[in-house]
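Asker: Have a look at this one.
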Amino acid sequence: MFQDLRRLTRGHRRWIAVAAGLSLLGSALALAQPLLAGAAVDAATGGRVPWPVFAALAGLFAAQAVAHATARYVQAYTGETMTRQLRLAVIVRLLRVRMPLLDHVRTGDVIARACGDTAVVKTLIAQSLGTGVAGVIALIAVVALLARLDPSLMALVVALFTVSVLSLLAVVRRLRAASHTAQAAEGDLSADLERTLGGMRTVRACRAEPVEADRLRGSATRAYRANLRMAELAALSGPANDLAVSGAFLTVLLVGATRVASGETSLGRLVAFTLAMTYLSAPIYEIFQAVGAVQQGSGALHRINEVLALPVERDQPRAVVPMRRRPPVLEFRDVWFGYDPARPVLRGIRFAVPERGHVALVGASGAGKSTIFALAERFYEPDRGTILLRGRDARFIPYARHRAIVGLVEQDCPLLAGTLKENLLYGAEPTAERDLGRVLAMTGLTGVVAALPGGLDTPVGERGGRLSGGQRQRVAIARCLLSRPDLILLDEPTAHLDPDSERALAAAMREVARVCALVVIAHRFSTVRAADRVLVVDDGVVTDDGTHEQLLRSNEYYRRLAA
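Numbering (mature numbering (1 follows the signal peptide of the UniProt record, and there is no 0)) for the sequence shown: -32 to -1, 1 to 531.
As structure tokens, then:
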């Protein structure tokens, strides 16, 4: 925990020190007030009106208020700045985490860590790093002042507050575990809610609202119980502190009044002691608030550190073999891969893609076609074998460069919330806007754009919900074309297209294949017939290749697929 805080506060310790210094200044100004108040009371009992003392007290009150207000603002500023830095670190990490790991995390839980847990850390920063340290120093100063005013009364007060402190320590030790449980429950609730909202059409089509309501009700109940348990523990600290303050105040009044009556002390000294004692509760409260924030924040920091520890895609040192500008653009050499190493999906895949032309991948569902695409795009790395991009081992090509050469259009063609134009130019170079009209015409989108109420500035809705499936498909293809890759991977591009749109897309694919390589996963044989070359994939192996007509004559498995 200490090492985490050191790393977290790097670059911000000056502001934390400023906040702590201002808090201490406010405490020092507050501690001077009981001494002046006692002198004023003694002077008033002697028949004099101490106007200079009243003026000094007013000045101290104003200065104390300014110091404490400034300290709180500096604490808030530091907390917000550090939280923003921490959130950006989590976001940047998530954007680079290796794809196999992202396949096993729940999106909602990750969102909760990036938003909710970092907010808990902000509380830790604001309440412990500056205020807690200042509270310890202020507590020592208050005790020293009480001992100077009346050692006997001070011993009684310390005894009462010691009982309160011991009871609070028992609560704080249990608060950390309760906080970690509560944050995990909040993450589960966010993940379940994100899952339900993301599949709302499926939920309603399957009449599964009661099922999802029960699931979310269970998650909400677990979060409720965990947060309630944490609130119960936090609530115990308040009464313990209040009882200590009230008990000490009554004890001081009773014992102090007796000592004043016997002449052992003056009324002004008793007033000064009473006022100073009231300042004792503030630093104690700040200390326990800081300890509680540390206990809660440690659980949040642990969850955040789990994200920051996830391995990311890292570019390998560049090899000396230069990339070449001649075919093949992509080559698989004896590539083996499995999501579970014990059960390979690809088993010795071998094929090459020429620099131009249309290649189709054909095979039954689960044969490994989408996995070939995932490896070609370097979402995953092969377990064995080599993938070459323009004659160079893909492992030694920077990820950004690799994906600039190899474009991908996914089958579900996801779009992002925003305008149509933003989606089309997403990730493209600034100069790509000049090609927009040509690409819209190639993909048959010119008429679609003209029919939209805002044209290219029309919002597409969440996940592109305001466009039809075929329109989303063509937008995804146009987006890929605008990035000008050397190789385009199309995963079943005609799955959502009507016959007219399919014919338009087929013409566009012929144009694309003249200028770059095109590899298509195809199930519709209208798409397969248009390919220059067909690769047959069966059980993770490329079993045959040739033209559509050649394979119909020579390959029984291909004939069954075609039928």
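For glycine and all other residues, C-beta sits at the position ideal for the given N, C-alpha and C.
(1) Could you check what DSSP says for Ala485 in three-state terms: helix, strand or coil?
(2) In angstroms with no decimal places, state the Cα-to-Cα distance between Asp85 and Val(-15).
(3) Just reading off the beta strand (DSSP E) that Glu299 is part of, what are its end residues?
(4) In the structure shown, what three-state DSSP assignment does Gly85 receive?
(5) Evaluate contact between the stretch 215 to 233 and the stretch 183 to 195, counting only Cβ atoms and requiring at least three cross-stretch pairs below 8 Å.
(6) What is the DSSP secondary structure of Pro366, counted as helix, strand or coil?
(7) Indicate the three-state DSSP secondary structure (helix, strand or coil) for Leu424 in the structure shown.
(8) For Thr414, does the three-state DSSP call read helix, strand or coil?
(9) My output table needs one value for Leu435: the three-state DSSP class, helix, strand or coil.
(10) CA-CA distance, Leu248 and Val110?
(11) Exposed or buried, Arg172, counting other C-beta atoms within 10 Å across all chains shown (16 or more means buried)?
(12) Per DSSP, Arg315 forms a beta bridge with which residues?
(13) Can you give me the start and stop residues for the alpha helix (DSSP H) that Asp77 sits inside?
(14) Quick check on DSSP: helix, strand or coil for Ala498?
(15) Below 6 Å CB to CB, which residues in the same chain sit around Ala159 once its five sequence neighbours on both sides are set aside?
(16) Which residue's Cα is closest to the Cα of Asp380: Val220, Val407 and Val443?
(17) To the nearest angstrom, report how far apart Arg301 and Ile355 are at their CA atoms.
(18) Need the endpoints of the alpha helix (DSSP H) that Val239 sits in, please.
(19) For Ala80 and Leu392, what's the separation of their Cα atoms in angstroms?
(20) In the DSSP assignment, find the unbroken alpha helix (DSSP H) run with residue 582 in it and report its ends.
(21) For Pro461, count the other beta carbons within 10 Å of its own beta carbon; 16 or more makes it buried, fewer makes it exposed. Which is it?
(22) What are the boundary residues of the beta strand (DSSP E) that Ala342 is part of?
(23) Classify Leu519: buried if its beta carbon has 16 or more other beta carbons within 10 angstroms, exposed otherwise.
(24) Could you give the uninterrupted runs of the beta strand (DSSP E) lying entirely in the stretch 344 to 403, keeping only those of 3 residues or more?
(25) Would you kindly work out how many angstroms separate the C-alpha atoms of residue 533 and Arg360, rounded to a whole number?
(26) Using only alpha-carbon positions, find the residue among Gly432, Arg492 and Val505 that is nearest to residue 553.
(27) Could you check the C-alpha separation between Val239 and Met122 for me, to the nearest Å?
(28) Can you have a look at Arg(-19) and say buried or exposed, based on whether 16 or more other CB atoms are within 10 angstroms of its CB?
(29) Looking at Val483 and Arg358, is the spacing between their C-beta atoms short of 9 Å?
(30) Considering only residues of the same chain and omitting the five flanking positions on each side of Gly508, which have a CB-CB separation below 6 Å?
(31) Taking the straight line between their C-alpha atoms, what separation do you get for Ala385 and Tyr394?
(32) CB Leu161 to CB Phe319, shorter than 9 Å?
(33) Tell me the DSSP bridge mates of Gly334?
(34) Buried or exposed for Asn350, going by 16 or more other Cβ atoms inside 10 Å?
(35) Go ahead and pull the three-state DSSP assignment for Thr462.
(36) Measure the CB-CB distance between Gln441 and Val487 and report whether it falls below 9 Å.
Answerer: Concretely, from the data shown:
(1) The answer is strand: DSSP assigns Ala485 an E or B state.
(2) For Asp85 and Val(-15), the distance between alpha carbons rounds to 26 Å.
(3) Residue range Leu298 to Phe305 is occupied by the beta strand (DSSP E) that includes Glu299.
(4) The amino acid at residue 85 is misidentified as Gly; the sequence shows Asp. Three-state DSSP puts Asp85 in a helix.
(5) Cβ pair count under 8 Å is below three, so no.
(6) In this structure, Pro366 counts as coil in the three-state DSSP scheme.
(7) Residue state, collapsed to three classes: helix.
(8) Judged by DSSP in its simplified three-state form, Thr414 adopts helix.
(9) Three-state DSSP puts Leu435 in coil, outside helix and strand.
(10) Whole-angstrom Cα-Cα distance: 6 Å.
(11) Classification for Arg172: exposed.
(12) Looking at the DSSP assignment, Arg315 forms a beta bridge with Trp304.
(13) Residues Thr75 to Ala80.
(14) Note: Ala498 maps to coil in three-state DSSP.
(15) Cβ neighbours of Ala159 beyond the five flanking positions: Arg74, Gly76 and Asp77.
(16) It is Val443.
(17) Their backbone Cα atoms lie some 6 Å apart in a straight line.
(18) Looking at the DSSP string, the run of the alpha helix (DSSP H) that includes Val239 is Leu235 to Thr246.
(19) Straight-line Cα distance between these residues: approximately 30 Å.
(20) For residue 582 there is no data in the structure shown, the boundaries of the chain being -32 and 531.
(21) With 16 or more other Cβ atoms within 10 Å, it is buried.
(22) Ala342 -> not in any beta strand (DSSP E); alpha helix (DSSP H) instead, spanning Lys337 to Ala344.
(23) Its Cβ being crowded by 16 or more others within 10 Å, Leu519 is buried.
(24) The stretch 344 to 403 contains these whole beta strand (DSSP E) runs: 352 to 357 and 374 to 377.
(25) Given a span of -32 to 531 for the chain in the structure shown, any question on residue 533 remains unanswerable.
(26) Since the displayed the chain opens at -32 and closes at 531, residue 553 lies outside it and no answer follows.
(27) Each residue's CA atom was taken as its position, placing Val239 and Met122 some 14 Å apart.
(28) So Arg(-19) ends up on the exposed side.
(29) The answer is no: Cβ separation not under 9 Å.
(30) Only Val313, Leu314, Arg315 and Gly336 meet the Cβ criterion.
(31) Cα to Cα, Ala385 sits roughly 11 Å from Tyr394.
(32) Contact annotation: Leu161 and Phe319 have beta-carbon atoms that are not nearer than 9 Å.
(33) Under DSSP, Gly334 takes part in no beta bridge, so it has no partner.
(34) Before going further, note that residue 350 is Pro rather than Asn in the sequence given. A residue is called buried when at least 16 other Cβ atoms come within 10 angstroms of its Cβ; Pro350 meets this threshold and is buried.
(35) In the three-state DSSP reduction, Thr462 falls in the coil class, being neither helix nor strand.
(36) No, these two residues do not count as a Cβ contact at 9 Å.
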